[in-house]
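Under my numbering, residues 14 to 464 are what the sequence shown spells out, in order. Where is the CB? At the ideal position from N, CA and C, for every residue including glycine.
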Amino acid sequence: MEKHVQQFVNDFMSRIEAKNPNEVEFIQAVREVAESVAGYILENPVMQNLKVLDRIAEPERVIMFRVPWLRDSGEIEINRGYRVQNNSALGPYKGGLRFHVSVNLSILKFLAFEQTFKNSLTTLPMGGGKGGSDFSSKGKSDNEVMRFCQSFATELSRHIGADVDVPAGDIGVGGREIGYMFGQYKRLRNEFTGAYTGKGLSFGGSLLRPEATGYGLCYFVREMLVTKGDSFAGKVVTVSGSGNVSQYAIEKATKLGAKVVTASDSSGYIYDSEGIDEQKLEYIKDLKNVFRGRISEYVERYPNAVFYAEERPWGVKCDIALPCATQNELDGGDAQKLVDGGCLCVGEGANMPSTPEAIAIFHANKVLFAPGKAANAGGVATSGLEMAQNSMRLSWSRDEVDEKLSQIMRDIHTTCCEYGTEADGYINYVNGANIGGFIKVANAMIAQGVV
Ligand code: NDP
């Protein structure tokens, strides 16, 4: 990086660090974007004079609230709820809700910041937001989850709406939780509008929304492989996580001819050398979505597989790695193992799963590396399609949605190539996604004045 560009990044990051002390994840996400777009900003002084990047890195609004709810036993529990409305230059705030014990303001600010660029890349009219709570549904009864969701949605209802802010799912928030929150919103407002996405099919949900993030990830990786004249066929793939994104990434990668050999959760990973075929994947879906079990139970059903407690799957030799669990789950040591094992492509299904050290190793070794804000944008893109269908009061067929999804992923790939191709032909997808996403938001902000 040239000296004056580095100086710009250093000055900008000192301001961000001073304003957001101890917000490690937020600072990490902002630094990555700043390093990508600094050169572009310095070439376009209007961006610098109007402090566009400083403004994007300051959420338009942060809402924090108490979420009291009752256990089945009658005991009172209190969680903390949040909604970070980061940027509305391109449309209503849009982004998921995460329910997980680790949730804090730094994590939600990083996710809302990333979401702003991701939503811009989709080309759909959506601003960036994110929210959630430090609540976990693990070990809770269905009624307890419902009471929590109703309490959370009651406060959130003051701040959202089909033209204001449209939440969706994320870690710990699937169809069940969205159903309860949508139901409570409808009851409070006495109106049936698309204030949430990820809804059930019978009440305004879109076909293919559950599959969209995992499928979109594979469509994006397919485009990356094409740049090398390659494909998924015959490739060995490692996947982390076993939730929504992982399940449909496994499904699509397998359909495209790959053999997926791992899945994980927060207690460890399973390795199945024969591959997780369609039948085994159905077992995982039931295990995780219906019985809410642990991935270790897979080896009881399929004894040829091995469970590695408290470990991550990145030591397993593979051609393609798809981290689909959570942020910072793949560090420098893991990246080196992947490179040493001959991994040629890493596509992020999760948000920011690779640490900066891991990304540097992938870039230094010319691994095809796609950051989450590009590769997992299929989820929010299909949420955007759900919003469009809700506004029009109609629903598109599965094939129509799938075609739109794969076109959007192809377009995002093209944008990344346009802004990220380096002199030697290597595509730096991190720069491509950050610059491509930034330009559209920045221009809209400039046109809308200092607001
Ligand atoms: P789910 O809750 O369905 O699944 C999350 C999976 O990740 C589970 O297997 C979970 O294991 C595991 N996991 C969660 N936290 C940790 C942790 N700290 N360490 C190890 N494993 C962990 O979530 P999603 O599949 O929806 O989301 C996964 C990732 O994809 C997130 O980063 C999310 O932000 C991102 N994403 C999701 C989109 C969507 O449409 N759902 C869209 C775009 C991005 P366990 O069961 O043990 O908790």
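Any non-hydrogen atom of the ligand NDP closer than 8 Å to residue i Cβ
i                 : result
leucine 398       : no
cysteine 162      : no
serine 309        : no
glutamine 19      : no
glutamate 324     : no
cysteine 8        : The requested residue 8 is not part of the displayed model; the chain covers only 14 to 464.
serine 119        : no
leucine 277       : The sequence given here has serine at residue 277, not leucine. Correct: serine 277 has its Cβ closer than 8 Å to the ligand NDP.
glycine 142       : no
glutamate 73      : no
proline 366       : yes
aspartate 415     : no
threonine 427     : no
asparagine 132    : no
threonine 129     : no
threonine 226     : yes
phenylalanine 342 : In the sequence as presented, phenylalanine is not what sits at residue 342; that position holds glutamate. Yes, the Cβ of glutamate 342 comes within 8 Å of a heavy atom of the ligand NDP.
CA nearest to the CA of residue i, picked from the options
i              : options                        : result
methionine 400 : Phe216, Lys151, Asn33          : Phe216
arginine 28    : His17, Arg68, Leu55, Ser255    : Arg68
isoleucine 425 : Val258, Phe130, Glu168, Val464 : Phe130
leucine 103    : Val463, Gly462, Leu124, Met458 : Met458
isoleucine 173 : Ala208, Ile184, Ala348, Glu157 : Ala208
glycine 346    : Val329, Val116, Glu370, Lys153 : Glu370
alanine 377    : Thr136, Gly281, Phe21, Val352  : Val352
serine 253     : Glu323, Val18, Leu221          : Glu323
lysine 107     : Val179, Glu56, Gln292          : Val179
Residue i - DSSP class collapsed to helix/strand/coil
i                 : result
glutamine 340     : coil
glutamine 465     : Examination of residue 465 is not possible in this model, given that the chain is present from 14 through 464 alone.
phenylalanine 304 : coil
methionine 60     : helix
serine 367        : strand
phenylalanine 148 : coil
cysteine 429      : helix
lysine 386        : helix
tyrosine 284      : strand
glutamate 90      : strand
arginine 490      : Not covered by the structure: residue 490. The range shown for the chain is 14 to 464.
proline 223       : helix
phenylalanine 375 : helix
glycine 196       : helix
cysteine 162      : helix
arginine 411      : helix
Cutoff 7 Å; reference residue i; Cβ partners in own chain excluding five residues on either side
i             : result
threonine 428 : Leu134, Gly445, Gly449
lysine 379    : Tyr439
threonine 339 : Ile184, Ala363, Pro366
lysine 199    : Phe205
glycine 247   : Gly270
Own chain, CB closer than 6 Å to residue i, minus 5 neighbours either side, in chain order
i                 : result
lysine 272        : Val249, Gly288
serine 396        : Ala181, Thr210
arginine 189      : none
phenylalanine 123 : Glu38, Phe39, Ala42
valine 419        : Position check: residue 419 holds serine in this sequence, whereas valine was assumed. Answer for serine 419: Tyr232, listed in chain order.
phenylalanine 148 : Asn92, Phe112, Phe161
asparagine 33     : Phe39
Pairwise C-alpha distance: residue j and residue i
i              : j              : result
valine 97      : valine 75      : 5 Å
asparagine 132 : leucine 300    : 32 Å
isoleucine 333 : glutamate 310  : 25 Å
glutamate 313  : proline 336    : 24 Å
aspartate 85   : asparagine 364 : 34 Å
valine 50      : glutamate 38   : 19 Å
valine 80      : serine 146     : 9 Å
glutamate 56   : leucine 381    : 28 Å
glycine 462    : alanine 125    : 22 Å
alanine 373    : glutamine 349  : 10 Å
Heavy atom of the ligand NAP within 8 Å of residue i beta-carbon
i            : result
glutamate 38 : Looking at this structure, you won't find the ligand NAP anywhere; what it does contain is the ligand NDP.
Spatial neighbours of residue i in its chain, beta-carbon cut-off 8 Å, leaving aside the 5 residues before and after
i              : result
isoleucine 297 : Ser255, Gln260, Ile263, Ala276, Ile289, Ile308, Tyr311
tyrosine 193   : Val158, Met159, Cys162, Gln163, Ala166
cysteine 430   : Thr240, Ile440, Gly445
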